[in-house]
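Just so we're aligned: 72 in this note's numbering is position 88 of the sequence shown, and the numbers increase by one with no gaps anywhere. The C-beta atom is built at its ideal place from N, Cα and C for all residues, glycine as well. Have a look at the structure below before the remarks.
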Amino acid sequence: MTDPSASAAARRPGEQALTALGLAAPDPDPADASPHSFPGGGRWRTEIPSCEGPEALAVVLKESSRLDVPIHRISQGSGVWMLTDAEITEMVEATAERDIELCLFTGPRGTWDIGGSTRTDSGGAGLRARGHAAVAGCVEDAVRAGELGVKCLLVADEGVLWTLHRARAAGLLPADTTLKLSALVGPVNPASYAVYERLGADSINVPSDLTPDHLTEIRRVSAAPMDMYIEAPDDLGGYVRMYEVAELIRRGAPLYLKFGLSKAPGIYPYGHHLRELTLATAKERVRRGRLALDLLARHGADGDMAPLGTRLPGTLNRFEISS
């Protein structure tokens, strides 16, 4: 396990100049650092989200090579059912060549069906799967994606998460399938984070407005990998937290750094009518990743990246599955 105190030696933004002006910040408290890391070593991995099809994927892979941006995971947000078998197979093969995990979203969501409550000020039931038919659609997506070689599934409903976890345990999905919880239903406290882990989540996306103290609270109860937008899309707040990356890693490891894009129109569900926008934003997400990684390097905090090609979460706590 990596020593979390090692990152405390990294330079914080503006530290030298502020110290010279008598405005130095207190030293980081070693007690608030996460003691956890990924299996196989490393405290952070990278993810490029909103990669909606083979063409966008090709743009991301080309740009990541040009800018030397290491990628552990690529995720898609529109859903398995928005891709043909041939498109999924092309994405599986392209990511496998680079040893990158591909994550596809499962099934229908409340924001796209007839549930009017999702359009109220309260948001109603949000992205959750409404009724048996929606759960069945998510399971259909999961089985189809698994048969086509997809190893990671993105989930936005706790019932679907538990169902897919049970399906994985029963051999209906490959045993090495990982389940990723969507940012749109992400937990905001340590108790709920631990519940999602026990329901079967292998990585859990927390909202991007959580404070470093919130991350420390979560890490006191769970070692499950955490996903967090370093730059969030506007529908998730539009937060840009690049200067906090080193501290977010120190507090939240093991952490997936997600490079989203603010001030960009939504592209879900994707179709070719959104082609130019989707390709342009895919390219810019990789550039945003390069900016964040450069910032880490300038501060001497770019060590402890998990080896490329690693994807499994390690041993996690689960609710017992009754027969």
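Under the three-state reduction of DSSP output, residue 176 falls in the helix class.
Cβ contact annotation for residue 208 (same chain, cutoff 6 Å, sequence separation greater than five): 181, 188, 300, in chain order. As a beta-bridge residue in DSSP terms, residue 239 pairs with 28, 210.
Distance between residue 123 and residue 27, taken at the CA atoms: about 32 Å. When secondary structure is reduced to three states using DSSP, residue 267 falls in the helix class.
Ranked by Cα distance from residue 69, the first of 61, 92, 38, 57 is 38. DSSP lists 138 as the bridge partner or partners of residue 89.
Assignment of beta-bridge partners to residue 57 by DSSP yields 31, 85.
As far as DSSP is concerned, residue 49 takes part in no beta bridge. Each of 250, 232, 251, 249 was checked against the Cα of residue 242, and the nearest Cα belongs to 232.
In this model, residue -3 and residue 245 are separated by some 22 Å (Cα to Cα).
Rounded to whole angstroms, the separation of the alpha carbons of residue 57 and residue 295 is 8 Å. Under DSSP, residue 224 shares a beta bridge with 215.
Within 10 angstroms of the beta-carbon of residue 64 lie 16 or more other beta-carbons, which makes it buried. When C-alpha distances from residue 274 are compared across 22, 50, 20, 15, the shortest belongs to 50.
Between residue 18 and residue 282, the C-beta spacing is not below 8 Å.
The straight-line gap separating the alpha-carbon atoms of residue 267 and residue 43 is approximately 6 Å. The beta carbon of residue 61 lies closer than 6 Å to those of 34, 89, 252 in the same chain, with the five residues before and after it left out. Spanning the alpha carbons of residue 175 and residue 4 requires a straight line of approximately 42 Å.
Secondary structure of residue 3 (DSSP, three-state): helix. Judged by beta-carbon spacing, residue 129 lies beyond the 8 Å limit of residue 55, meaning their Cβ atoms are not closer than that value. Non-local beta-carbon contacts of residue 265 in its own chain, meaning distances under 8 Å to residues more than five positions away in sequence, involve 34, 245, 248, 251 in chain order.
Cβ-Cβ separation between residue 139 and residue 145: approximately 5 Å, consistent with a contact (criterion under 8 Å). Boundaries of the beta strand (DSSP E) around residue 162: 162 to 165.
When only Cα atoms are considered, residue 259 and residue 36 end up about 10 Å apart.
Following the DSSP letters along the chain, one finds residue 305 in no alpha helix (DSSP H), marked with neither H nor E.
With contacts defined by Cβ atoms closer than 8 Å, residue 177 and residue 29 do not form a contacting pair. A Cβ-Cβ distance of about 16 Å is found for the pair residue 279 and residue 213, leaving them out of contact under the 8 Å criterion. The three-state reading of DSSP puts residue 188 in strand, counting E and B together.
Counted as a single uninterrupted DSSP element, the stretch harbouring residue 17 is not any alpha helix (DSSP H), since DSSP gives it neither H nor E.
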